[in-house]
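Structure first, commentary second.
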């Protein structure tokens, strides 16, 4: 009954008004256009978004005229030795200017107490932070992307406490803090994930490695210390460690490198694990030349500097000199 | 202030305290906080571990507080303090029926509620045989475990941090899903878990038999309106002969009674207005006990880690021998929460049926950090014995480190062994001194026929502590080329390897 009623509707009821006709054709047309447009724009888009890599700035400053590129000091407190070394290089004021954002990169790769010698002496980090702030730096950031859990490393090593007590702040690596960094001159590190966030707006970068033995690279010092700024699957680099360390030297051009040899981990590195692996040299060195610094440090750890592949490669690339005399090396005893 | 208002504030406070203490169970925040406080206050975990080990471990003595409160006041723990009870109460309130009559019906006692007593009996009988499964349903363990391995990590995903460090747990979806499922049961019956399943509630229900205070209905004043049922939390029949064992002492009945005929008072006469004992039949009790006892030889006849070590069953440091471990572990997941490397994971069946949700080290996900003993500090029952760093590392006055297992190089996958490519990452990572992985100098030939100088890693099983750092950091990312198995673990007399 109902069915026949619907099929036999009076003829004027199946016609629609002009207004309704236009409205409905308009909405159907819009819906079709949106569907078609979406299909057209999304068709065959690349499946992965390609991040634009950044270049890392050069953080070097012109060395002070007539000053050496590397000095070392022995026999005082970390603060005294640091101050003497920096005076000799022309004063920290030559390198740090008021208003600078400064990055300090100690080696805090392991959750290990300072006496095990696997991490940079927190006193050295604290003293350096204090000196930078005294020169008018507005911000000093201490950071590392370590092997162990970052919070554990910064806490157990004592570096976080020392940094914060001296007015610096600690930047912890979050996944969002990494960016692709490119360096076309490099062999393996042409393009790599890098702990970039703290480097935004940074004016100066100071490496503070600790002197350690390493079974693959022979030693781990200033250039290898930049490994702690890399993200990604970085432990593949050990398949060609000497080229990788030289690449790190090409990638990161620091303002200064401070070598902490107050303790030297001369065997069983880079983790240590026993105070008996540690020798107390009480030395701090400062340099603008990364090759000279690593050459000096390698001698302290007990490696044969003439055969270390990454030193030979870094010197060949012109990153610095392995001849300490040429770099004007001096040892100052306090 | 009304007593029921005071109760709501108490519930909110203790839930917040619970959530906050669990949030504190993290290396960066733990300081000296008693992060396991609620687990230590739990008399069910205390009783279960007493039955399985005949000792009351360290902080579990605190559970006497709850026992004494219950003997004095009844199941106030359920109504005023239990964080999981509060959560159930809250969800039940959200999904409560709209009509007064329907609410009254939802709060009537059902014979189903005696299930929790039979579960309690079965669980306790298993404990006597050293099989502690109480943690599956114990509300404090269940809530701690679910939050630690699922809900907090999910908050980390949502907030991108905020102190909920991003952690991932195997079968986290299942653990979180069970919690949400239990909470949803409140739609079926309000406080379904507390009334039907909770073995801790059952234990307190039995103890409340002695309580000096209880809800008392004056038969003279009662008009039989049954309004007391509208909000009754425990479904304890306040309108009839009060079921003392079911009453959570929420005191809503006292507020709601139009004739002021209900009071909460000390030592009022029990007869004829109170039924002091749970609704149990002797036959049911025997059946529950026998059912549990039957499971014991069935488990004993199965291959299980207690008598045959499993290679991938690597327990956290300080773990007792497997049989004693299973007797004490209440599966609370506090160790999983506190582990800074995410290595401690809830087992599913890799530790056997009894080992479901007990902690197991998964080195693909984390490793045992050399300078850390946090898991042994938070364990409420001593399934993980508290270790000092000296003992863990084997320094003076201890003569050997705690070993969790032994690392094995897979020479078919290891780069310098199988592919003549340099790599020393495992040796580099090894945290002991002298290193347990040493490098054997070798020469190989690459695909172009050139000689390659190689350093091939070899494990010294006498020095290896099985911490898994080598496995965790091995660059052969999917199936690692160096892997730890449980052999050589200090806690076992049979799963041994090296002649010393």
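Residue numbers (the numbering used here), protein chains in the order written: chain A, 0 to 333; chain B, 4 to 503.
Built from N, CA and C at the ideal position, the CB exists for glycine as well.
Considering only residues of the same chain and omitting the five flanking positions on each side of residue 296 (chain A), which have a CB-CB separation below 6 Å? 210, 220, 258
Run of the beta strand (DSSP E) containing residue 411 (chain B), from where it starts to where it stops: 409-412
State the beta-bridge partners of residue 283 (chain A) as determined by DSSP. A:72, A:259
When you compare only the Cα positions, how much space is there between residue 165 (chain A) and residue 117 (chain A)? 22 Å
Name the residue from B:5, B:128, B:70, B:425 whose alpha carbon lies nearest to the alpha carbon of residue 454 (chain B). B:425
How is residue 223 (chain A) classed by DSSP in three states: helix, strand or coil? helix
Provide the residue(s) that pair with residue 454 (chain B) in DSSP beta bridges, ordered along the chain. B:448
Should residue 418 (chain B) be flagged as near chain A, meaning a C-beta pair shorter than 8 Å? yes
Suppose the cutoff is 6 Å on Cβ atoms and the five residues either side in sequence are ignored; what does the same chain contact list for residue 1 (chain A) look like? Here residue 1 (chain A) scores only 46 on pLDDT, less than 50, and its place in the model is too uncertain to base an answer on.
Is it the case that the Cβ atoms of residue 115 (chain A) and residue 231 (chain A) are separated by a distance below 8 Å? no
List the DSSP bridge partners of residue 442 (chain B). B:460
When you compare the segment 83-90 of chain B with the segment 365-372 of chain B, are there three or more beta-carbon pairs, one atom per stretch, that lie closer than 8 Å? no
If we ignore side chains and look at the alpha-carbon of each, how far apart do residue 143 (chain B) and residue 26 (chain B) end up? 15 Å
Hey, could you find the ends of the alpha helix (DSSP H) residue 157 (chain B) is sitting in? 155-162
Are there 16 or more other CB atoms within 10 angstroms of the CB of residue 300 (chain B), so buried, or fewer, so exposed? exposed
Chain A contact residues for residue 476 (chain B), given Cβ-Cβ distances below 9 Å: 146, 234
Rounded C-alpha distance that separates residue 134 (chain B) from residue 380 (chain B): 23 Å
For residue 43 (chain A), would you say it is in contact with chain B, using Cβ-to-Cβ distances shorter than 8 Å as the test? no
When the Cα of residue 178 (chain A) is compared with those of A:34, A:53, A:322, A:312, which residue comes out closest? A:53
Counting Cβ pairs, one atom from each stretch, are 3 or more of them under 8 Å apart for the segment 61-69 of chain A and the segment 80-89 of chain A? yes
For the alpha helix (DSSP H) containing residue 432 (chain B), list its first residue and its last residue. 428-432
Straight-line CA distance for residue 253 (chain B) to residue 19 (chain B)? 19 Å
Taking 6 Å as the limit between beta carbons, can you name the residues of its chain near residue 361 (chain A), skipping five residues before and five after? With chain A represented from 0 up to 333, any question about residue 361 (chain A) goes unanswered, as that position is not in the structure.
Could you check how far apart the C-beta atoms of residue 106 (chain B) and residue 324 (chain B) are, in whole angstroms? I think they sit under 8 Å. With a Cβ gap of about 52 Å, residue 106 (chain B) and residue 324 (chain B) do not count as contacting.
Could you please tell me which residues of the segment 373-390 of chain B, in chain order, have their CB closer than 8 Å to any CB of chain A? 373, 374, 375
For residue 138 (chain B), tell me which candidate among B:330, B:276, B:414 has the shortest Cα-Cα distance. B:330
Residue 14 (chain B) vs residue 96 (chain B) beta-carbon contact at 8 Å: no
For the segment 216-246 of chain A, which residues have a CB atom closer than 8 Å to at least one CB atom of chain B, in sequence order? 232, 234, 235, 237, 238, 239, 240
Could you name each continuous alpha helix (DSSP H) segment of 4 residues or more that falls completely within the segment 282-319 of chain B, going from the start of the chain to the end? 285-303
At the 8 Å Cβ level, is residue 294 (chain A) part of the contact set with chain B, yes or no? no
Mind checking if residue 486 (chain B) is an interface residue toward chain A, Cβ cutoff 8 Å exclusive? no
Determine which residues of the segment 102-119 of chain A have a Cβ less than 8 Å from any Cβ of chain B, and write them out in chain order. 109, 110, 111, 112
Buried or exposed (CB count within 10 angstroms, at least 16 for buried), residue 183 (chain A): exposed
Less than 6 Å between C-beta atoms, sequence neighbours within five positions excluded: which residues of the same chain meet that for residue 299 (chain A)? 210, 260, 263
Length at least 4, wholly inside the segment 57-133 of chain B: the alpha helix (DSSP H) runs in chain order: 66-76, 86-97, 103-109, 118-131
Beta-carbon contacts of residue 459 (chain B) that lie in its chain and below 7 Å, excluding the five residues immediately before and after: 419, 420, 442, 443, 445
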